[in-house]
DNA sequence: ACATGTTTCGAACGTACATTAGATTTACGG
DNA sequence: CCGTAAATCTAATGTACGTTCGAAACATGT
């Protein structure tokens, strides 16, 4: 306990890092404790000094991942001047979500990728946390809509799902160096606020409003 | 061989249905052949009369899933009058993609959900097929942009990824009966073409164009 | 240097799984 | 009915994995 990082803490962190990375790459069931241990520089049996079971390790990875993106988006809002426009509020939230996801955070991307295929019991333990994050976005969007920055005739729940989908799916295709995270965020916001359509001159009977 | 469906074909189909359903629900590695066999009404060993291995079964599920959504979108374009607007072309493509995904097609949703966590060798076998589907969308969007229906200052590759993400992610949250598939498609198209933003009156310095 | 607590090792255990192969049943044309 | 091929069953095999546990190695305070 020389510094504030005991040896145990360091090992724990190494194990978690390795687990998040492997879970994200190969999924939960396909990842073996032997691989995680090797990536963390130890033997499989040694993991049990730090974690009670593979499930427990999984739960901590999921928890960290969701906490990080939640905190990132929350802080993006707090950092903003109090009189910021709702577009800016949404924009920085999008940037924060995307950045957390794509910038070396295996925890968050692991969470997003594997959550749907994790033992049901583990899912149950994290539903509250997921709801809390959804609620954060719900608040941001609702406030924007109520104050007239977003159309009032759209189902915000649906918009939120489509938006989250567009962002979350980036873990499936994003490759560092090909496109900047900022560019992705810009395109997303452009689509969200203005769309990318141009009125076609000759046509009639277009159906631009939601049924 | 009384009808055109031999008993073997029926069993094969039952196995594939069961496999697609389980793969979609629990992922590939976590799904056991015993479960698939039980869901198909037989014993695990019997599967090997129809498929050479679990991987082979997986590959066929993936193949069917991708083929279905590809065909659905392709047919949506062919069914359209030749003089249809590009917005309509995109709209029916979105509807076709979504409908295939969400309407009882465990194959397509299994493909989307588990592809990233499948053995690398299996992924390699399906990259060509995935590229072909991407190319179909690329063509639709490019034609729309070239003829002035979409803004020329956006990265269509990025737009396509964000769009696919928004649509594909629906397999994670869609529940039949809560929202109609048509409503989802409408919202998606509204976002894509017009956005849901409303100009805020007082503000200045908004950044509505892509860098 | 010793003692004590901490961390890791290494080997073993049990189990669950994919796969195999021979026996058994089912379907069906003659 | 009978025979043959198709389809399924049953039991066994090997293996890979999660987990356990006592021994070894390491660190730390006295």
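Protein chains in written order, with the numbering used here: chain A, 969 to 1179; chain B, 969 to 1179. Even glycine gets a Cβ: it sits at the ideal position worked out from N, Cα and C. These numbers were taken from a predicted model, which means no experiment stands behind them.
Residue 1158 of chain B at chain A interface by Cβ criterion, 8 Å: The count along the second chain starts at 1 and reaches residue 1158 of chain B at position 190. Yes - at least one Cβ of chain A is within 8 Å of the one on residue 1158 of chain B.
Interface flag, residue 994 of chain B vs chain A, CB-CB below 8 Å: Residue 994 of chain B sits at position 26 when you count from the first residue of the second chain. Residue 994 of chain B counts as touching chain A.
The stretch 1031 to 1048 of chain B / the stretch 1069 to 1078 of chain B touching (three or more Cβ pairs under 8 Å): A contact exists between the stretch 1031 to 1048 of chain B and the stretch 1069 to 1078 of chain B.
Three or more C-beta pairs below 8 Å linking the stretch 1060 to 1071 of chain B and the stretch 1010 to 1020 of chain B: A contact is defined here as three or more CB-CB pairs under 8 Å, and the stretch 1060 to 1071 of chain B fails this definition with respect to the stretch 1010 to 1020 of chain B.
Backbone CA spacing between residue 995 of chain A and residue 1137 of chain B [nearest angstrom]: Against the first chain, residue 995 of chain A aligns to sequence position 27. Against the second chain, residue 1137 of chain B aligns to sequence position 169. Put simply, the backbone Cα of residue 995 of chain A is about 17 Å away from that of residue 1137 of chain B.
Closer than 7 Å at the beta carbon, the chain A residues around residue 1119 of chain B: Position 151 of the second chain, counting from 1, holds the residue named residue 1119 of chain B. Against residue 1119 of chain B, the close residues of chain A are 1164, 1166, in the order they occur along the chain (beta-carbon pairs closer than 7 Å).
Beta-carbon spacing of residue 1004 of chain A, residue 986 of chain A below 8 Å: Here residue 1004 of chain A refers to the residue found at position 36 of the first chain. Here residue 986 of chain A refers to the residue found at position 18 of the first chain. Yes.
Test item: CB-CB of residue 1159 of chain A and residue 1160 of chain B under 8 Å: Position 191 of the first chain holds residue 1159 of chain A. Position 192 of the second chain holds residue 1160 of chain B. In terms of Cβ geometry, residue 1159 of chain A and residue 1160 of chain B form a close pair [threshold 8 Å].
Extent of the continuous alpha helix (DSSP H) to which residue 979 of chain A belongs: Taking the first chain and counting its residues from 1, one reaches residue 979 of chain A at position 11. 975 to 994 is the span of the alpha helix (DSSP H), which, as asked, contains residue 979 of chain A.
Where residue 1159 of chain A falls: helix, strand or coil (DSSP): Along the first chain, read from residue 1 onward, the residue named residue 1159 of chain A stands at position 191. Per DSSP, reduced to three states, the secondary structure at residue 1159 of chain A is helical.
From A/976, A/1165, A/1152, A/1029, residue whose alpha carbon lies closest to that of residue 1067 of chain A: Walking along the first chain from the start, residue 1067 of chain A turns up at place 99. Among A/976, A/1165, A/1152, A/1029, the Cα nearest to that of residue 1067 of chain A is on A/1152.
Alpha carbon of residue 1096 of chain A to alpha carbon of residue 1115 of chain B, nearest angstrom: Here residue 1096 of chain A refers to the residue found at position 128 of the first chain. Here residue 1115 of chain B refers to the residue found at position 147 of the second chain. In this structure, the CA atom of residue 1096 of chain A is about 48 Å from the CA atom of residue 1115 of chain B.
Alpha helix (DSSP H) segment containing residue 1057 of chain A, residue limits: What you label residue 1057 of chain A is simply residue 89 of the first chain in a count that begins at 1. Element bounds for residue 1057 of chain A: 1054 to 1070.
Residue 1125 of chain A - DSSP class collapsed to helix/strand/coil: What you label residue 1125 of chain A is simply residue 157 of the first chain in a count that begins at 1. In the structure shown, residue 1125 of chain A sits in a helix (DSSP, three-state: H, G or I).
Where residue 1048 of chain A sits in the DSSP three-state scheme: The sequence position of residue 1048 of chain A within the first chain is 80, counting from 1. Three-state result, residue 1048 of chain A: coil.
Nonlocal neighbours in the same chain, by C-beta distance under 8 Å from residue 1043 of chain A, ignoring five residues either side: Stepping through the first chain from its first residue, residue 1043 of chain A is reached at position 75. Excluding residues within five positions, the ones whose Cβ falls inside 8 Å are 1064.
Residue 1154 of chain A to residue 1090 of chain A span [Cα, whole Å]: For the purposes of this step, residue 1154 of chain A is taken as residue 186 along the first chain, with counting starting at 1. For the purposes of this step, residue 1090 of chain A is taken as residue 122 along the first chain, with counting starting at 1. Straight-line measurement puts the Cα of residue 1090 of chain A at about 35 Å from the Cα of residue 1154 of chain A.
Opposing strand residues paired with residue 1118 of chain A [DSSP bridges]: Within the first chain, residue 1118 of chain A is the residue found at index 150, counting from 1. For residue 1118 of chain A, which the question treats as bridged, DSSP gives the partners B/1165.
Residue-chain proximity (residue 1032 of chain A, chain B), Cβ-Cβ < 8 Å: The count along the first chain starts at 1 and reaches residue 1032 of chain A at position 64. False, the Cβ-Cβ gap to chain B never drops below 8 Å.
Cβ neighbour criterion (16 or more within 10 Å) applied to residue 989 of chain A: In the first chain, the residue the question calls residue 989 of chain A occupies position 21. A residue is called buried once 16 or more other Cβ atoms fall within 10 Å of its Cβ, and residue 989 of chain A is buried on that count.
Per-residue DSSP class, three states only, for residue 1083 of chain B: Here the question's residue 1083 of chain B lines up with position 115 in the second chain. Helix, per DSSP.
Member of B/1011, B/1124, B/1157 whose CA lies at the smallest distance from the CA of residue 1107 of chain B: Taking the second chain and counting its residues from 1, one reaches residue 1107 of chain B at position 139. Restricting attention to B/1011, B/1124, B/1157, the CA atom closest to the CA of residue 1107 of chain B is found in B/1124.
Within chain A, partners of residue 1014 of chain B - CB distance below 9 Å: Indexing the second chain from 1 puts residue 1014 of chain B at position 46. Here the premise fails: no neighbours, minimum Cβ distance about 24 Å.
Minimum Cβ-Cβ distance from residue 1046 of chain B to chain A less than 8 Å: Taking the second chain and counting its residues from 1, one reaches residue 1046 of chain B at position 78. Judged by the 8 Å Cβ criterion, residue 1046 of chain B is not in contact with chain A.
Alpha-carbon to alpha-carbon, residue 1008 of chain B and residue 983 of chain A: As a working mapping, residue 983 of chain A is identified with position 15 in the first chain. As a working mapping, residue 1008 of chain B is identified with position 40 in the second chain. C-alpha separation (whole angstroms): 40 Å.
Cβ neighbours of residue 969 of chain A in the same chain (closer than 8 Å, five flanking residues each side left out): Taking the first residue of the first chain as 1, we reach residue 969 of chain A at position 1. Residue placement at residue 969 of chain A is poorly supported in this model, since its pLDDT is 42, which falls under 50; the coordinates are not used for a value here.
Start-to-end residues for the alpha helix (DSSP H) that takes in residue 1016 of chain B: In the second chain, counting from the first residue as 1, residue 1016 of chain B sits at position 48. Per DSSP, the unbroken alpha helix (DSSP H) holding residue 1016 of chain B starts and ends at 1015 to 1018.
Inter-residue CB distance, residue 1112 of chain B and residue 1134 of chain A (contact presumed, cutoff 8 Å): Position 144 of the second chain, counted from the first residue, corresponds to residue 1112 of chain B. Position 166 of the first chain, counted from the first residue, corresponds to residue 1134 of chain A. Going by Cβ atoms, the distance from residue 1112 of chain B to residue 1134 of chain A rounds to 19 Å, so no, they are not a contact pair.
C-beta contact flag for residue 1157 of chain B and residue 1041 of chain B at 8 Å: As a first step, residue 1157 of chain B must be located in the second chain, where it is residue number 189. As a first step, residue 1041 of chain B must be located in the second chain, where it is residue number 73. No, the pair does not count as a contact, with Cβ atoms beyond the cut-off.
Residue 1147 of chain B beta carbon less than 8 Å from that of residue 928 of chain A: Given a span of 969 to 1179 for chain A in the structure shown, any question on residue 928 of chain A remains unanswerable.
Interface residues of chain B facing residue 1138 of chain A [CB-CB closer than 9 Å]: Position 170 of the first chain, counting from 1, holds the residue named residue 1138 of chain A. Think of a sphere of 9 Å around the beta carbon of residue 1138 of chain A: the chain B residues whose beta carbon falls inside it are 1129, 1130, 1133, in chain order.
Collapsed DSSP secondary structure at residue 1073 of chain A in the structure displayed: Numbered from 1 along the first chain, position 105 holds the residue referred to as residue 1073 of chain A. It is coil, neither helix nor strand.
Minimum Cβ-Cβ distance from residue 1104 of chain B to chain A less than 8 Å: Here residue 1104 of chain B is taken as the residue at index 136 of the second chain, counted from 1. Cβ-Cβ to chain A under 8 Å: no for residue 1104 of chain B.
Counted within 10 angstroms of its Cβ, other Cβ atoms place residue 999 of chain A as buried (16 or more) or exposed: Position 31 of the first chain, counted from the first residue, corresponds to residue 999 of chain A. Buried.
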